[in-house]
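Everything on this sheet refers to the single structure shown next.
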Amino acid sequence: MTKMNEKSLNQSLAQWKLFVYNLTTGEFLGRTASSWGLILLFYLVFYGFLAALFSFTMWVMLQTLNDEVPKYRDQIPSPGLNGFSKTSDWYIEDLKKFLKPYTLEEQKNLTVCPDGALSEQKGPVYVACQFPISLLQACSGMNDPDFGYSQGNSCILVKMNRIIGLKPEGVPRIQCVSKNENMPNVAFYPHNGIIDLKYFPYYGKKLHVGYLQPLVTVQVSFAPNDTGKEVTVEAMFKITACA
Amino acid sequence: MCFPLTTSWRAFHQTPEIYSVELSGTKDIVKTDKGDGKEKYRGLKNNCLELKKKNHTEEFQKELHLDDHKLSNRELEKKYGTDIITGLSSTRAAELLARDGPNSLTPPKQTPEIVKFLKQMVGGFSVLLWVGAFLCWIAFGIEYSSNKSASLNNVYLGSVLVLVVIFTGIFAYYQEAKSTNIMSSFKKMIPQQALVIRDSEKKTIPSEHLVVGDIVEVKGGDQIPADIRVLSSQGCRVDNSSLTGESEPQPRSSEFTHENPLETKNICFYSTTCLEGTVTGMVINTGDRTIIGHIASLASGVGNEKTPIAIEIEHFVHIVAGVAVSIGILFFIIAVSMNYRVLDSIIFLIGIIVANVPEGLLATVTVTLSLTAKRMAKKNCLVKNLEAVETLGSTSIICSDKTGTLTQNRMTVAHLWFDNQIFVADTSENHSNQVFDQSSRTWASLSKIITLCNRAEFKPGQENVPIMKKAVIGDASETALLKFSEVILGDVMAIRKRNRKVAEIPFNSTNKFQLSIHETDDPHDKRFLMVMKGAPERILEKCNTIMINGEEHPLDESTAKAFHTAYMELGGLGERVLGFCHLYLPAHEFPETYKFDTDAMNFPTSNLCFVGLLSMIDPPRSTVPDAVTKCRSAGIKVIMVTGDHPITAKAIAKSVGIISANSETVEDIARRLSIAVEQVNKWDAKAAVVTGMELKDMSSEQVDEILANYQEIVFARTSPQQKLIIVEGCQRQDAVVAVTGDGVNDSPALKKADIGVAMGIAGSDAAKNAADMVLLDDNFASIVTGVEEGRLIFDNLKKTIAYTLTKNIAELCPFLIYIIVGLPLPIGTITILFIDLGTDIIPSIALAYEKAESDIMNRKPRHKKKDRLVNQPLAVYSYLHIGLMQALGAFLVYFTVYAQEGFLPRTLINLRVEWEKDFVNDLEDSYGQEWTRYQRAYLEWTGYTAFFVGILVQQIADLIIRKTRRNSIFQQGAFRNKVIWVGIASQIIIGLVLSYGLGSVTALSFTMLRAQYWFVAVPHAILIWVYDEVRKLFIRLYPGSWWDKNMYY
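The listed protein sequences derive, respectively, from chains A and B. full-length UniProt numbering applies: residue 1 is where the first sequence begins, and numbers increase by one. full-length UniProt numbering applies: residue 1 is where the second sequence begins, and numbers increase by one.
Here's what the structure looks like:
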């Protein structure tokens, strides 16, 4: 049996070699040079055509789009909230970096908008409202470069995701609910965690140059005897989007 | 088993046993060759060695030393411890029964159901999917060990893969079990009874309870219940055709007449039938130890060959699995070298495997095959083994048995000779059209002899049965004569009544004639009529006159010469010739009261008047010549392999067209040129008749030479072993061999063949058991139907596979792009499974209903090594042409959805890492909006749904183009196959249900897609269709061109 196996192995090896390169017919991998040339030419033309076709259809598809506003916004009906604190892989450095566009210097070209009203605009030029970083008070990083982390009064920065055309109904505000029984001391900046309506709506990256999204910081102060306890705080806010 | 004489009777007497069969191949049990002996064994033994079979030498020895036929009654009694008069005692019989087991053939070993089931679980692609599932779980395990809150997605995916394997496995198992069940309806139990002497009493017991030493009595019409040694008999004749293929009844008596147990007259074999007379005998072998048991086991010693379609599917699985594994590993390496984590790379690997494996395909193939099997069953081809459905289509040689398959297996009057003329009788199945001249008065006399000199009678109670189907008591030739006269003259029994029989000498082998004396039906004619029939030369000897045109003429040399010419001519047709003569006994010598004494022979038996000759043959079935022609035009070689005599075999071969009218054998050429056979160049002949005697001296090279060089071959006087050798010879020519047969002697060859076809009505159980297919109507022509269906299913399977493979590329590309370009994943693994096992299933089955594109019966059978099911053009065209176009179309839908939601294509590039970070909840899109993780996931699912819809829409186009491989859709008729449209409807409905019905079930990751996205891929779908029409157009325009070679699959 083994002899037979060896024989068939040798045979298949020889067949394989013959397939790779056949001296008599000059075939390489079952095709002659001209045959390979022809088939490669065919695929060059065929794939060239397919590539052109795909590019054309993609181009047609892109023509249906608007540069300024995406066609649909149904998949982001409500903005997400993002809390940045030291615990969620964000470091003080990152916070500083994030807050850089909010410095007075950066905002000097922005408009000072009236409080408490939506700043709806008709274009063609869209202005962005100032968000003075001083509103964040103790968490602005201006007085305390550590954002309170060194003193146990950690600042958590909460921002609302940008969504084009979103107009809140009522007054959007950030609230915190503790999941634990004892509520730590929580301070909101700006006051009561209210986000002013003047920052809505957002008109998109292209039109709304320099737009700054409103921020809220939550400062959690733990009583000294509470240290070591884990406190879970859930941020909530209510907002209704209108495109 | 029983093999009664008339076919109508057979149907009701199939016995239940299935055979088994574990026999030594080293045995040559049945030899039909006359002449003897030692040399024959030598040749066969050599052949046996070639068969490479094992041991069982012990049984072999025993077989050869069967010497019971040589023993005297006394010795037999001693050997088996029995008594011929009183039989065995019940207690002794019970002991023997306990020792030897029941007198029945052991059914073949069934594969245990659980093994069959497990085979389905690991066969085909299942192994790949198991690997995928385990990789999923391992990936989860690794992730879990480092991060306790690892997502359970991989566990789900692994479980889904296992479910898919189990589900498809159960499905395939169920399909197979269902098709096996069709067969079991054959095995209705009709217990056989045997009359046995035990404890000095005659008892009827089930024949299963017989033991060696039992004394049994068998009468005409009964099946021989075991191998018995004849102790006494009265006019017993048995039908051995199931063993030897001879349709002539064999006499049986208690004399020891031949050394060879198979040739001697004093042994009757199990499962043969006693046609007439009675016989008392001693049981010498029971159950598997009988001759028939040994043949049956010879069949099981023959390994089951893999069916061609099984080989093709295996080939296909290898290709796909090879592609899947190599792409998987390639991209695993790429992913690792692109600094992906190994864990992620494993997940990619799983995705690639799942995308590449057509999970639903094997189940679809099973369904397709069973649909065809059902269609064939409607046309009287019952398929036992699903895969055999296709085998007939690739058949290139049919080895057909003669008796019962090509012929009707009943002797029938074929020719008559009277008035110096040969007349042809109608031998078709119903005899309806007897056109020869019946006005001659000679015919009147001849018909009287035929009617009166005949002991055969119809069984009572068959008034409404057509004459040809009536059951008859009597041997084959008498039956033929009885039916012949009944058809022409009407009520034979009434004629016999009017011509009362006064004396009779039945046929015996020493006299070689049969004689009876009757009163005439003319009341004024007081003479007695003596009628006689027998071997023509013996009858002629007894005559001195001959009747021509009703007148008696002296028998002179010229008339004798005419007789001989006619006799030779009819004999040369392979027909059995009988002579008929009569004599009116003078009234004065034999008055009414005369007492005839058949022992003293007190009446003249010479100087009679010769009336005519009549010849009989087992005629071909009327549908056979046409079927043979069709096989020819389909490129199939039909070879006759029979146990019967060469002359008869050749005559039948000529009449059905196996040897065509203008081709000659070596012998024919020799006769035509009047030279010795040796002088003829043997390759001048187109046809050959080879006998078993010649065959046994041939080496396998010589057999190959004959098979390769002659177009038309008849093998005569072959043993079961030689049939096996012939089949193997054909298989060495790389032919796919079909064997048809009905007898036990055919069963080893049926088993060995690529496809064995047994006759459903006339076939023995052994044959049916060994066969893969049963022709319910015994009609050779049904084979042609089978060939056609087989070829069609092969073509249609190609289409199904091409259809299924196409979308694999569209499923695979997303993963590759995802890994390399870093787009958010375009299609999920679960979604892929919904295509493979959901939307694509019904359409791919629908292709099985496609009609043939051209006349598939006019092309050569496929070459089993060259014309593959999945060939290179098929794979290349499906993967690299249509598949790629499909992938592009689906990507277009995907990009459209993302772009219209805010992510432009350029933003998507390399977005993957950020996109998949769970804590990034403010990912910015192209318009400055920010997306949370959940919002992105939902968009990703919408992308899956979009990609899914893109594939779905283009698969509709793919389905339409796969209807044909060469013809335009318009030539084929776009609406002829309604099932295709059912398939398309099912695709769309399943798609709608998944998107809109189940869009809210998060685990399925489908979302409600905007209606317009369904139309994004439509231009691509149309392009696919146009491209394929162009491909087909060029194939039709330039056959044999570069395009044809590379683009026709």
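C-beta atoms are modelled at their ideal positions from N, C-alpha and C, and glycine is treated no differently. All values reported here derive from a predicted model rather than from experimental measurement.
- B/W1042 sits exposed, since fewer than 16 C-beta atoms from the chains shown fall within 10 Å of its C-beta.
- CA-to-CA, the gap between B/G132 and B/S126 works out to about 10 Å.
- Counting C-beta atoms within 10 angstroms of its own C-beta, B/S337 has fewer than 16 neighbours from the protein chains shown and is therefore classed as exposed.
- Here B/P506 is exposed: its Cβ has fewer than 16 other Cβ atoms, across all protein chains shown, within 10 Å.
- By DSSP's assignment, B/N339 forms no beta bridge with any residue.
- Annotation: the continuous beta strand (DSSP E) that includes A/N185 extends over 185 to 189.
- When secondary structure is reduced to three states using DSSP, B/N779 falls in the coil class, being assigned neither helix nor strand.
- With contact defined as three or more Cβ pairs closer than 8 Å, the region 781 to 795 of chain B and the region 389 to 397 of chain B are in contact.
- For A/Q219, DSSP records a beta bridge to A/C155, A/A187.
- Here B/I215 is bridged, per DSSP, to B/I197, B/M282.
- DSSP places B/K70 within a helical segment (H, G or I) once states are collapsed to three.
- Collapsing the DSSP output to three states places B/K203 in a strand.
- Excluding its 5 nearest sequence neighbours in each direction, B/E705 has no C-beta neighbour in its own chain below 6 Å.
- Rounded to whole angstroms, B/S89 and B/I114 show a C-alpha spacing of 44 Å.
- Residue B/Q731 holds the alpha-carbon nearest to the alpha-carbon of B/A708 among B/Q722, B/P873, B/Q731.
- Distances from the alpha-carbon of B/H209 to those of B/L837, B/L96, B/N602 put B/L96 closest.
- For A/V20, none of the residues of chain B pass the 7 Å Cβ criterion, the least Cβ distance being about 16 Å.
- DSSP places A/Y126 outside both helix and strand once states are collapsed to three, so it counts as coil.
- Residue pairing of B/F903 in beta bridges, as defined by DSSP: absent, with no partner found.
- At least one beta carbon of chain A lies nearer than 9 Å to the beta carbon of B/N1046.
- For a Cβ distance threshold of 9 Å, residue set N921, D922, E930, W931, T932, R933, Y934, Q935 of chain B lies close to A/G80, ordered along the chain.
- Non-local C-beta neighbours of B/V953 in its own chain, meaning closer than 7 Å and more than five positions away in sequence, comprise W1014, A1017, V1018, A1021, ordered along the chain.
- Apart from the 5 residues on each side of it in sequence, B/N871 sits with its Cβ closer than 8 Å to the Cβ of Y1049 in its chain, given in chain order.
- Boundaries for A/F147: no beta strand (DSSP E) harbours it, and the DSSP string shows neither H nor E there.
- Just so you know, the alpha carbons of B/Y996 and B/R1010 end up roughly 10 Å apart.
- Distances from the CA of B/E569 to each of B/I309, B/L416, B/L837 were compared; the closest alpha carbon is that of B/L416.
- Take the alpha-carbon of B/K637 and the one of A/A33: they are about 40 Å apart.
- Straight across, the Cα-Cα distance linking B/W130 with B/I170 is about 15 Å.
- The three-state secondary structure of B/N1046, taken from DSSP, is helix.
- Between B/T264 and chain A, the shortest Cβ-Cβ separation is not below 9 Å.
- Within the same chain, and ignoring the five residues on either side of A/G204 in sequence, the residues whose Cβ sits closer than 7 Å to its Cβ are E68, V69, I164.
- Closer than 9 Å to the CB of B/A321 there is not a single CB belonging to chain A.
- Of all residues in the region 53 to 69 of chain A, those with a C-beta nearer than 8 Å to a C-beta of chain B are L53, F54, T57, M58, M61, L62, T64, L65, E68, V69, reading in chain order.
- DSSP places B/Q514 in no alpha helix (DSSP H) but in the uninterrupted beta strand (DSSP E) bounded by 513 to 519.
- Counting C-beta pairs with one atom in each stretch, the region 543 to 562 of chain B and the region 511 to 528 of chain B have fewer than three that are closer than 8 Å, which means they do not touch.
- A straight-line Cα-Cα distance of about 20 Å links B/F903 and A/Y211.
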